[in-house]
Structures are given as structure tokens and as C-alpha cells.
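To start, the structure under review is shown below, and the notes come after it.
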Amino acid sequence: MAKASDIVVRCLESEGVKYVFGIPGEENLSLLESLRESPIRLVLTRHEQSAGFMAATYGRLTGRAGVSLSTLGPGATNLATAGAYAYLGGMPMLMITGQKPIKNPRQGRFQIIDVCSMMDPITKYTHQLASADNIPSRMREAFRLAEEEKPGAVHLELPEDIAAEQTDSIPIPRSLNRWPLAEHSAIDAAVAKLRKARSPILVIGAGASRKMAARALKQLIDKTGIPFVTTQLGKGVVDERHPRFVGNAALSTGDFVHRAFESADLIVNVGHDLSEKPPFLMVRGSTEVIHIDYRSAEADALYFPQLEVTGDIADAVLRIGDALNNTVQWDFTRLLAIREANEVQIAEGADDDRYPLYPQRLVADVRRAMPSEGIVALDNGIYKIWFARNYKAHKPNTVLLDNALATMGAGLPSAMAAHLVYPDRPVIAVCGDGGFMMNSQELETALRLGMHITVIILRDDGYGMIRCKQTRMGYAEFAVGYGNPDFVKYAEAYGASGYRVESAGALLPLLEHCVKTPGVHVIDCPVDYGENDRILNDELRARSLAV
1 MAKASDIVVR CLESEGVKYV FGIPGEENLS LLESLRESPI RLVLTRHEQS AGFMAATYGR
61 LTGRAGVSLS TLGPGATNLA TAGAYAYLGG MPMLMITGQK PIKNPRQGRF QIIDVCSMMD
121 PITKYTHQLA SADNIPSRMR EAFRLAEEEK PGAVHLELPE DIAAEQTDSI PIPRSLNRWP
181 LAEHSAIDAA VAKLRKARSP ILVIGAGASR KMAARALKQL IDKTGIPFVT TQLGKGVVDE
241 RHPRFVGNAA LSTGDFVHRA FESADLIVNV GHDLSEKPPF LMVRGSTEVI HIDYRSAEAD
301 ALYFPQLEVT GDIADAVLRI GDALNNTVQW DFTRLLAIRE ANEVQIAEGA DDDRYPLYPQ
361 RLVADVRRAM PSEGIVALDN GIYKIWFARN YKAHKPNTVL LDNALATMGA GLPSAMAAHL
421 VYPDRPVIAV CGDGGFMMNS QELETALRLG MHITVIILRD DGYGMIRCKQ TRMGYAEFAV
481 GYGNPDFVKY AEAYGASGYR VESAGALLPL LEHCVKTPGV HVIDCPVDYG ENDRILNDEL
541 RARSLAV
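In full-length UniProt numbering, the protein residues as written are 1 to 547.
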């Protein structure tokens, strides 16, 4: 016989869990004691939301469910945003929350909310553990669902009295699993459409990075010469320095990539689903779309592919590539002209000397400072668009951004999780001043854990994306400005190294110093978003239409 909380931990060990991210509470102390005697490392954070973001990013990078822990009530509500972040973003994560005793409650409704009902719409699975004997099956089911396509968040509630029960149950081992392969008829139909096409284009989304279909996609592109576009969550699946990379779908409309979609007569959409902002919009009679993914396409008024190839992405892409021979006659002259025009536009701002820094220069200098395997973790703000379209990712999952829930506050915790997974790679978190201050307390966590990360705070003293939108809509600027602490002193108060960028030319050497020098580095970088609206909404549209 063993205590139920010990069985929970043994189940975690059986699933290969290395870290649990979270905060203790009275209702999870039994589980905490069981973890204390386990080789699993508890990463104590300063806020449950950060713990969830770290667990979700761990899942995103490894394909194995990250685990986060909180107490009941307010601890669980603090986890909810991270749960939605993982659920929409396709990141496997298990949330474990505590609860008061359910068989003999003694504190009325104190701190008690229906956590499972709260978690239901933002998870793939939520369950209250009401019997110690059922723990192994519920744990295995939770991990199965978290990691199965499309991956996402799951939740288990462990009441205090159930955690203390005795049981003779044991963990259920993981089973070997292979995703089903696409039907031959679907592969044949896709090949037939591609052979008939004049100028097809490939779109690579997040699903292509989760099961590492990069090799198959690159092989297809190299063999056929088909140009490709990445979504924000698909950056780096294929090296974006490739001569057939047209661009990233950072904007909803009006960019060079949208001109490319208009010029193509067939779109092959690989690993994209509607949780991410659509890279193109469909209307009746528009360009036909082949949908290649692990799951069938969700019915939507703006996305209704004419052909679906459902099954393992890498296998499907390889089979399609093998079936296409050298007799296929495609003309990519137009698409490659659009690519070249986009390349010219991107290069123009790379050496802009204006100060405060313009985002084009910022993005270029971060790319110059980072090796191919270096990881950039982005918070959410207007700069995310600039990084999506101007920063060329060389490898999968080296640009961590969120284009699903698109929540602020995740940049720093995501960078910390990336460091835990890849301790030998340089990691940079890029945060707006608004997003950074939402979870800035995790600097203490990073220092306590001896991490080597660099945090760039893009300071414009306001919610820049909202300010830009107000300008675009003709509204007066309102409720977007705020004050900031002295970020250099703020960093130093935690024990981190603080720096302030004083000129455009000062950023790159500072980044190079931080990347090679162990420790936690915080850079206060003033930015000027004054031309965002003109460039992103007017100039790009005009220049792309002129191609």
C-alpha cells in the first residue's frame, strides 16, 4: 500500500516528467512532500501564471506534457490563462490543482470554486480525482490526451483527503503509439491537383513543427522548387534563409505574402489550424486549398479546403514528394518576384541609425547576435509582427511566439523554460514594457536557478499596439500611457545585470556581450513605433500591389 500522492508522483515519473512548475498551498502539501522525495525537480515560481507558461513552453519544445502545480481557488484561477495559452497554442501541459477534502469538508465554501467547470472550456480534459485507486488510469489518460494531436492543456484536481488515502494501485506504463497514415486515395488526389497546378504555394504552420516534419518538407521544397510561406507558429520548420522562402504571414492582409497567395493557383496548407490567425482568407471561387494535417479541417466560413489529407504530416509530405516527378511543369516567376521585393523591403531598415531604435534595426541586430540554434522568446506586442516578418528563423522552435491566445506576460517564463530544455543554447526574451511587468518577478526565479538568459525590454512607456490601433481608427490616444521603473536599477535590485541602450549602434555589441556572458541580463531598450502604422498598413500594401 502507498499514499495516493506518492502514486501521483510515481505516475509522473513513469511519464518521464523532469520538472513540475508551481507554487505550494495548504491543499497540495501532501503532493509536495511526495515530490520532495522524487528525482523530479520542483521549479518554484513567483506566480502560478508563470508556472503554467513555463510548463506549456516545456511541452511545446519537447512534445511531452509539461506539468504545473497550484493550490485551489486563487491558485487555480491564476493558472487558467496559461491553460488557455496551451490549449489554443497546441502545447501539451498538465495542470494539477489542490482542493479541500471532498468526503468530510469542514470549512464551508472557503476558497472553493468549481475548478473543473472553470477549466472545461480551456482544456482537452478535466477531472476531479475522487478515488486513490483510479489515479493511475486518470493520470495516463490525462497525459495521453495532452500529447495526442492536437496537443493542449489538461487538468486534474487532487483533493486533500484523496491525496492522503492508501492504495495498492500502480502506474500504467506509456504505450507505443504511431499516428495513423493518410489514405492512398487522399495522397493520389493531392498529387493530381499539384500536377494540374500552374503555380502552387506551400504554407507551413505549427503542426508541422510538433512532430518534426521539417526534413520531409525541406526535401519536398528542394525537389520541386515550390515556394513556401510560414505562419507565425510555423517559423523555422524549414530554414527561412532558403531561396524559396517567400515570407511570413505576420499581418492579416496587405503584405507581400498575401500578394503571393493571390498569384498562386493552389495553396498547400500544412499543419495549420484555425486557432492561429488565418494566413489567408477564403471566399467562394477563390484559390483551391489542400489541407494536410493530423486532423481534418475545422468547418469555418473563412477556411473550407477542397481536399484534405489527414494523417501523419511527415509521411504524407514524403509520399506526395515521391509521387511528383520531374515532368511537372510549374512556373514560379511571379512568386519569386514577390519574394525578391519582400527581401528588399526587409533589408531596408536593418541598419537604421535612428534613436530610440526602430523595430527593423532591433530585429536585425538580434538576428545578427544569435547563432542559428539560439532561441528568441517573444512576449506579445506590436514588435511581434516585426519579428515574425523580418526575423528569419533557421531551425524549428527557435522563435517562440504565441499567435493563438496571444497573451501578454509569457515572454520571460517561456525563455526560462527554453533555458531548462536547452541549457547550452543562447536564449533571449523580447518583451514590451507592458508585458514584462506582468511577470517581471520571475527574474528572481531565473537568478535562483542560475539561468543564463537575456531579457530585452522594449520601452515605449505605453501599450504600443493599442496606441497604433487607436491611431489607425482615428481615435484620440487614451488609456495607453504609463510610467516605468528604472529598469537598470530594477534588474540590479534582483541581482541581475542591468543595461540601458543609449544609441542604435550600441545594441549589437551589448547583445553579443550578454549572449556569451553567463547570468541574467536585462536590457532597457527605448523604441520608436511612430512609423508602424504607415509602414505596416500603408507602405507594405502599396509596395506589394506594385509587384
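Cβ atoms here follow ideal geometry from the backbone N, Cα and C, with glycine treated the same way. A quick note: this is a predicted structure, and the numbers were derived from the prediction, not measured.
Contact between the region 324–335 and the region 404–424 is absent: fewer than three C-beta pairs spanning the two stretches fall below 8 Å. L357 has its alpha-carbon roughly 20 Å from the corresponding atom of V480.
Pairing I523 with V455 gives a Cβ-Cβ distance under 8 Å. Distance check between M370 and each of E444, K392, N104 and D315 places K392 closest, using alpha-carbon atoms only.
Less than 8 Å separates the beta-carbon of P101 from that of P159.
In this structure, the beta-carbon distance from D379 to G435 falls below 8 Å.
Assignment of E157 by DSSP, reduced to helix, strand and coil, places it in the strand class. For a cut-off of 8 Å, the C-beta gap from I267 to F228 is around 11 Å, too long to register as a contact.
Within the region 147–219, the beta strand (DSSP E) runs of at least 3 residues that lie entirely inside it are, in chain order, 153–159 and 200–204. The C-beta separation of I112 from I7 comes to about 25 Å, leaving the pair out of contact by the 8 Å criterion. Of the candidates C514, L156 and G311, L156 places its Cα closest to the Cα of L129. Counting only runs of 4 or more residues that sit fully inside the region 281–332, the alpha helix (DSSP H) segments are 313–323, in chain order. DSSP places L510 in the uninterrupted alpha helix (DSSP H) bounded by L507 to K516.
H184 sits exposed, since fewer than 16 C-beta atoms from the chains shown fall within 10 Å of its C-beta. If you ignore the 5 residues before and after F53, its C-beta comes within less than 7 Å of the C-beta of A82, Y85, A410, P413 and S414, all in its own chain and listed in chain order.
In this structure, the CA atom of L443 is about 8 Å from the CA atom of A496.
Counting every other CB atom within 10 Å of its CB across the protein chains shown gives T45 a total of 16 or more, marking it as buried. The DSSP assignment places 411–421, 433–438, 442–448 and 464–472 as complete runs of the alpha helix (DSSP H) inside the region 398–483, in order along the chain (cut-off: 4 residues). If you draw a straight line from the Cα of V309 to the Cα of S296, it is about 8 Å long. By the criterion of at least three beta-carbon pairs nearer than 8 Å, the region 489–507 is in contact with the region 524–531. With fewer than 16 other CB atoms across the displayed protein chains lying within 10 angstroms of its CB, G450 is exposed.
The beta carbons of Q232 and A65 sit about 23 Å from each other, so the pair does not count as a contact at 8 Å. In this structure, S275 places its C-beta atom within 8 Å of the C-beta atom of L88.
Residue pairing by DSSP puts G66 in a beta bridge opposite M93. Residues L88, G89, S275 and E276 of the same chain have their beta carbon placed closer than 6 Å to that of A404, with the five preceding and five following residues left out of the count. Remark: fewer than three beta-carbon pairs, one from each stretch, lie closer than 8 Å, so the region 472–492 and the region 332–339 are not flagged as touching. The C-alpha of K124 lies about 11 Å from the C-alpha of F143.
With respect to R259, S544 sits close: the two C-beta atoms are nearer than 8 Å. Counted as a single uninterrupted DSSP element, the beta strand (DSSP E) harbouring L42 occupies residues R41 to L44.
Counting along the chain, the unbroken alpha helix (DSSP H) around H258 starts and ends at F256 to S263. Restricting attention to L29, L31, A51 and E15, the CA atom closest to the CA of Q441 is found in A51. Out of D365, N439, K3 and A506, the CA that lies nearest to the CA of D133 is found in K3.
Within the same chain, and ignoring the five residues on either side of K384 in sequence, the residues whose Cβ sits closer than 7 Å to its Cβ are L378 and L401. Counting along the chain, the unbroken beta strand (DSSP E) around F228 starts and ends at F228 to T230.
According to the DSSP assignment, N390 belongs to the alpha helix (DSSP H) that extends over Y383 to N390. Between the region 184–196 and the region 315–324, the count of Cβ pairs shorter than 8 Å is three or higher; the stretches touch.
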